[in-house]
Every structure is written in C-alpha cells, then in structure tokens.
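Visitor: Quick note on numbering: the sequence shown equals residues 486 to 716 in this note's numbering. Glycine included, C-beta positions come from ideal geometry on N, C-alpha and C. The model shown is predicted, which means the values in this text are computed figures rather than measured ones.
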Amino acid sequence: QTGFSKILKKFDKRTGSNMRDKKMAELTSTHEFLNGERLHQLKEGIDRMLKEVSTLKPSLPDGWESRKVYTIGCFDLFHRGHQNVLKSLREFGYFIVAGIHDDESYFQLKNKYTIDNLETRMANVKPFVDQIYVIPSTNPELYLKCMVSEQDIEAGSCCYARGDDMLNFPGREWVEKVMPVHFVPRTESCSSTLIRTIYHADDPEIRKKAAFANTRYDGKPIDGEGNVLKL
Numbered sequence: 486q487t488g489f490s491k492i493l494k495k496f497d498k499r500t501g502s503n504m505r506d507k508k509m510a511e512l513t514s515t516h517e518f519l520n521g522e523r524l525h526q527l528k529e530g531i532d533r534m535l536k537e538v539s540t541l542k543p544s545l546p547d548g549w550e551s552r553k554v555y556t557i558g559c560f561d562l563f564h565r566g567h568q569n570v571l572k573s574l575r576e577f578g579y580f581i582v583a584g585i586h587d588d589e590s591y592f593q594l595k596n597k598y599t600i601d602n603l604e605t606r607m608a609n610v611k612p613f614v615d616q617i618y619v620i621p622s623t624n625p626e627l628y629l630k631c632m633v634s635e636q637d638i639e640a641g642s643c644c645y646a647r648g649d650d651m652l653n654f655p656g657r658e659w660v661e662k663v664m665p666v667h668f669v670p671r672t673e674s675c676s677s678t679l680i681r682t683i684y685h686a687d688d689p690e691i692r693k694k695a696a697f698a699n700t701r702y703d704g705k706p707i708d709g710e711g712n713v714l715k716l
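Structure, rendered in structure tokens:
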C-alpha cells in the first residue's frame, strides 16, 4: 500500500494532478489485502505452525553448545548412508571433527584400493563437518589422542560417535575411558561395498547379482546362503 501511495504521489507532483487520494480509496476497496489485515492473519498462522513444530523438535542435550564430536571413517564412494551418519553427529555437539584414513591405510585395512582418492574423500566429507585430519595408519588411536585435548577430556566436553555397523572399532578401549561413545543407526541397504560391487566389479554377472541381491545388516550384498558377494 505504501508503495502505491508513493508512486501516485510522485505522479501528482510531476503532472500537477491530485489523484492519489481517489486512486488509493479505489485500490483499498477493490484490493482488501492492501490494508495488511490478510497478511497479518497469514503471518499469525505461520507463527503458530512454527511454534508447534518447535515443540515437536527433540531438545539438544545439556552442554551441546560446547561439545566436540569425534568420528573416524574411510568414506570411499561417498553415499547417502555417510551423509545420514555425519548429519546425525550434530545432535551430540556443535563441532564435528572427522578423521579419514589415507589411501595406503585404507588398502591395508581392506586389502583393496579406494575408488576415490584421499583428496576426493576429504572434499566429500568437509561440507558435513567442521574439521578434518588424516590418519596414515591402520590404528587411529594415536592420531585421535593427538586431536583430543586434555582440557576437553577433563571438562567432559567431547564425545565419540559413529555408525553402528562397527561396534568394536579400533581405539574403542581408549575412547571409552575418556569420553562417551554413541552409535547411530546405519542406513539400510546402502554401503560402499554394494556400490563398488555394482559399478566396479570386473565380472558383469557379479555386478548384475549385486544390483538385485539382498543385503546384510551392514549393507553389503549377499548371495542366497548369506555370503558376501566378492568382486
């Protein structure tokens, strides 16, 4: 309404006419929304809905705003399961620190090379975390110890969280001594192994089987006897 009034006022000034009051009266009678009442009602309705949604949102844990969350992974062939886990870490604390195994330690852990190199894997993870460090070893304990400060341990302002597909993760014994450990549900029927088998297996028959196979609890494709399909 104010915009229309200014335009008409400028028109009157330039042409020497006096039509602003008349036109504004006509617009107000034919366009009731210009008086702001409908918009005000709409805003009130939206505010009520937002308030209701806020009450349904789970409350953050005490100390969330000062807690760092640590996690470790390989994150090869980055997929929605990785995204879901990383997003869920934010529920435990405000600052996320992720350790990523380098290409050599990945090979030593899994006896196969990564599809995505270290730089690609870091770039995929970074949008979901605040800090990344590289682990050039199959045992991440020393590197995790170097990342976690004694002050955070003493203040209880750190925790460790990861997907529940590997409960006995390397370094768990030390981690549990100094901070809480949380496991988040993994995304069903989704894993790097499944994607790798479907798109990168040398045998086309294996690729076809993997595309239509059942999956294990950790998302890996299995045959009729429950054995993981081999590349």
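Under 8 Å Cβ to Cβ from residue 554, same chain only, skipping five residues before and after it: list those, please.
Guide: Within the sequence shown, numbered from 1, the residue matching residue 554 stands at position 69. The answer, listed in chain order, is 574, 575, 577, 578, 580, 581, 582, 643, 644, 645 and 646.
Visitor: Can you pull the DSSP bridge partners for residue 764?
Guide: Because the chain spans 486 through 716 in this model, residue 764 falls outside it and cannot be assessed.
Visitor: Excluding the five sequence neighbours on either side, which residues of its own chain have a C-beta within less than 6 Å of the C-beta of residue 569, listed in chain order?
Guide: On the sequence shown, position 84 is the one that residue 569 refers to. Cβ within range, chain order: 672.
Visitor: Taking the alpha-carbon of residue 548 as reference, which of 653, 649, 640 and 702 has the nearest alpha-carbon?
Guide: Position 63 of the sequence shown, counting from 1, holds the residue named residue 548. Looking at the Cα atoms, 640 is the closest of the given residues.
Visitor: Tell me which same chain residues have a C-beta within less than 7 Å of the C-beta of residue 625, skipping the five on either side of it?
Guide: What you label residue 625 is simply residue 140 of the sequence shown in a count that begins at 1. Within the same chain, residue 625 has close Cβ partners 557, 584, 655 and 656.
Visitor: Under a three-way DSSP split, which group does residue 630 fall into?
Guide: The residue labelled residue 630 in the question sits at position 145 within the sequence shown. Reduced to three states, the DSSP call for residue 630 is helix.
Visitor: Between the C-alpha atoms of residue 605 and residue 593, what's the straight-line distance to the nearest angstrom?
Guide: For the purposes of this step, residue 605 is taken as residue 120 along the sequence shown, with counting starting at 1. For the purposes of this step, residue 593 is taken as residue 108 along the sequence shown, with counting starting at 1. In a straight line, the C-alpha of residue 605 is about 19 Å away from that of residue 593.
Visitor: How would you call residue 709, buried or exposed, if buried means at least 16 neighbouring beta carbons within 10 angstroms?
Guide: On the sequence shown, position 224 is the one that residue 709 refers to. Exposed, because fewer than 16 other Cβ atoms sit within 10 Å of the Cβ of residue 709.
Visitor: Flag this pair as yes or no: are the beta carbons of residue 707 and residue 564 separated by less than 8 Å?
Guide: For the purposes of this step, residue 707 is taken as residue 222 along the sequence shown, with counting starting at 1. For the purposes of this step, residue 564 is taken as residue 79 along the sequence shown, with counting starting at 1. In this structure, residue 564 does not lie closer than 8 Å to residue 707 by Cβ.
Visitor: Could you tell me whether the Cβ atoms of residue 504 and residue 512 are closer together than 8 Å?
Guide: In the sequence shown, residue 504 corresponds to position 19, counting from 1. In the sequence shown, residue 512 corresponds to position 27, counting from 1. Contact flag unset, no.
Visitor: Going along the chain, which unbroken runs of the alpha helix (DSSP H) with 4 or more residues stay wholly within the region 642-691?
Guide: List check, alpha helix (DSSP H) in window: 657-663 and 677-685.
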